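Notes follow once the structure below has been shown.
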Amino acid sequence: MKEKVVYWLTGSQTLYGDDVLAHVAQHSQEMADYVNGKMPVTVKYLTTCKSSDEVIAAIKQVNADENCIGIITWCHTFSPAKMWIKGLHMLQKPMCHFATQYNEKLPYDTIDMDFMNENQAAHGDREFGYIVSRLRMDNKVVVGYYKDEEALKELAAWCKAAAGIAFSKTVKVCRFSDNMRDVAVTEGDKVEAHINLGWQVDYYPIGDLVQYIEKVTEGEVDALMAEYDKKYTMATKNIAAVREQAKYEIAMDRFCKEKGGYLGIVDHFGALHGLNQLPGLAIQDLQSKGYGFGAEGDWKIAALGAVMQYMADQKGTGLMEDYTYDLKDGLCLGAHMLEVSPQFAATKPEIQVHPLGIGGKSDPARLVFEGIAAPEAVAVSMVDMGDRIRLIVQKIELVKYPKKMPNLPVGGLMWKYQPNFKDGVAAWIYAGGAHHTVVSSVLTVEDMRSLGDMWGIETVVIDEHTDIHEFKKQLTYSDIIYKSRF
75 MKEKVVYWLT GSQTLYGDDV LAHVAQHSQE MADYVNGKMP VTVKYLTTCK SSDEVIAAIK
135 QVNADENCIG IITWCHTFSP AKMWIKGLHM LQKPMCHFAT QYNEKLPYDT IDMDFMNENQ
195 AAHGDREFGY IVSRLRMDNK VVVGYYKDEE ALKELAAWCK AAAGIAFSKT VKVCRFSDNM
255 RDVAVTEGDK VEAHINLGWQ VDYYPIGDLV QYIEKVTEGE VDALMAEYDK KYTMATKNIA
315 AVREQAKYEI AMDRFCKEKG GYLGIVDHFG ALHGLNQLPG LAIQDLQSKG YGFGAEGDWK
375 IAALGAVMQY MADQKGTGLM EDYTYDLKDG LCLGAHMLEV SPQFAATKPE IQVHPLGIGG
435 KSDPARLVFE GIAAPEAVAV SMVDMGDRIR LIVQKIELVK YPKKMPNLPV GGLMWKYQPN
495 FKDGVAAWIY AGGAHHTVVS SVLTVEDMRS LGDMWGIETV VIDEHTDIHE FKKQLTYSDI
555 IYKSRF
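With this note's numbering, letter number 248 in the sequence shown gets 322, and the count goes up by one each step, no holes.
If you want it as structure tokens, here you go:
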């Protein structure tokens, strides 16, 4: 992510003379350099814009730079906003307005009009903010001293989301099946997702993958088995079943790369013609390497998982499914048939082979582990509401299993809902949240809110501040707003 660049553009004008502009450039460079050291991406001071032509030139450079994912704007002095209009109309990348200042405190003993004229961030912020509002641009505003930890944290979340948006435009999902029959929530408009999110979702018959599997060599399987031995504990004598999964992983990885760089994979236990097992260990290990995965044909979760994994640097993020409640203690046990990512493992995962009472295939190898604990995590769902895409983000707390579950041969997580069990579950259901989610112990609500804002889609947040009655009103207001747009 550090290869991605956010350019720092400062707003000023020529009214105050060359000396002031030299200070503006010096301060801008110093501030951008400091911020750069605190961001997950590279922040570079680009220029100080003093006229419409200079804004246009800067925006053209921003748009043309493939590594650039967005801009940070800052108004050091008073920057007349009409000069920004044409350039901002041309801007094709996300923008964050950093309402900050070079000096944290005022020099009360020495302050004079020269200082006032040179340091007009409060003045410039309002002029710039007006024109952005007038242009109806959905930008981010971060307020605070540029060395302040809270402001930098908020800015870093925006940078991560901007990188996620750029990555999202490259996401391709390879589907080896349609979605599960009669299941509603995994459906969705793939064309709309391509238009709004940049996701290309393509179908290939499972037979195409089988041809790749048949060409995997024993030497390639041996190499991957050696990799498994380093990462996992072999807790089965059925090595043939494990080698079968290794074939699947090699074939799927090669297929995705050779067919055009697919970053998400979708399969379905009901469409396995030519396969001896449902891919389990294969999918789990591929997720550990950054692939997004969607079960039962859920392409939205596969694509969302790829984006969130990128933003989380492939740590603590992957497919999850709300499975069953502990109503007494207010907990939810999340898991899946086989495919939970080892990124969630609290200890070294074990490779085990067990029967699977669905799909009608041989006993599949899978990774079994108890999930991590984390005081703050997010569960994220994406659903198609017909007239728009809705991103649902819930803050959760990952907790340890209260007791061992020796007869449950899967990887899993257990969590508490925010704001509490009753309202957390109700809010999720009212919002239409799916059973498939992407859970992350690394990303935050702010990360996901920024991502949703940049996508320009509806983002619904459930956290410690959620009041169920107000939440229902917000959903009603959203319906009214979106219906009025179409």
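Cβ atoms here follow ideal geometry from the backbone N, Cα and C, with glycine treated the same way.
Because the structure is a prediction, the values reported are computed rather than measured.
Put Gly281 into one of helix, strand or coil per three-state DSSP.
helix
State the DSSP-derived secondary structure class of Trp502, mapped to helix, strand or coil.
helix
Nearest to Ala99 by CA position, among Tyr108, Gly111, Ser86 and Thr540, is which residue?
Ser86
Supposed contact pair Gln468 and Ile536 - C-beta distance, whole angstroms, cut 8 Å:
4 Å
Inside the segment 111 to 195 only - alpha helix (DSSP H) runs reaching at least 4 residues
126 to 138, 159 to 164 and 187 to 192
Relative to the ligand FAD, is the shortest distance from any of its heavy atoms to the C-beta of Val473 smaller than 7 Å?
As far as ligands go, the structure on display features none, and thus does not contain the ligand FAD.
I need the DSSP call for Phe343, collapsed to helix, strand or coil.
coil
What's the C-alpha gap between Ser552 and Lys546?
10 Å
So, does the CB of Ala240 fall closer than 8 Å to a CB anywhere in chain B?
Here chain B cannot be found, since the structure has a single protein chain.
Need the endpoints of the alpha helix (DSSP H) that Leu337 sits in, please.
Careful: Leu337 lies outside any alpha helix (DSSP H) and carries neither H nor E.
Would you say Lys321 and Val295 are within 8 Å of each other, going by their C-beta atoms?
yes
Counted within 10 angstroms of its Cβ, other Cβ atoms place His171 as buried (16 or more) or exposed:
buried
Closest to Arg249 by CA distance: which of Gly272, Ile133 and Tyr278 is it?
Tyr278
Proximal residues to Gly334 (C-beta, below 7 Å), its chain only, five neighbours per side dropped
Lys246
Does the segment 476 to 486 come close enough to the segment 399 to 413 that 3 or more CB-CB pairs lie under 8 Å?
yes
Beta carbon of Phe241, beta carbon of His197: below 8 Å?
no
From the DSSP output, read off the bridge partner residues of Cys406.
Tyr399 and Trp489
Helix, strand or coil at Thr550 according to DSSP, with G and I counted as helix:
helix
Would you list the residues sitting across from Ala439 in a DSSP beta bridge?
Val427
Return helix, strand or coil for Lys76, following the three-state DSSP convention.
coil
Cutoff 6 Å; reference Leu226; Cβ partners in own chain excluding five residues on either side
Lys112
Rounded to whole angstroms, what is the Cα-Cα separation between Gly434 and Ala315?
15 Å
Answer yes or no: do Val80 and Gly161 have a C-beta to C-beta separation smaller than 8 Å?
no
Identified DSSP bridge partners for Arg464:
Val457 and Glu532
So, is Ile555 buried or exposed, given that buried needs 16 or more other C-beta atoms within 10 angstroms?
exposed
Enumerate in chain order the residues of its own chain whose CB-to-CB distance from Ala325 is below 7 Å, with the five nearest sequence positions on each side excluded.
Leu283, Tyr286, Ile287 and Val290
So Val381 is in the alpha helix (DSSP H); what residue range does that whole segment cover?
Trp373 to Met385
Alpha carbon of Asn562 to alpha carbon of Val109, nearest angstrom
Residue 562 is absent from the model: the chain starts at 75 and stops at 560.
What residue does the beta strand (DSSP E) around Gly366 start on, and which one ends it?
Gly366 to Gly368
In whole angstroms, what separates the C-alpha of Gly390 from that of Phe367?
14 Å
Strictly by DSSP, which residues pair up with Gln274?
Lys246
First through last residue of the alpha helix (DSSP H) which encompasses Val295:
Glu292 to Lys305
With a threshold of 6 Å on Cβ separation, who are the neighbours of Arg440 within its own chain once the five nearest residues in sequence on each side are excluded?
Gly354, Leu355 and Leu412
Where Glu444 sits in the DSSP three-state scheme
strand
Please classify Val217: is it buried, with 16 or more other beta-carbons within 10 angstroms of its beta-carbon, or exposed?
exposed
State whether the segment 449 to 456 contacts the segment 498 to 515, with contact taken as three or more CB pairs (one from each stretch) at a distance under 8 Å.
yes
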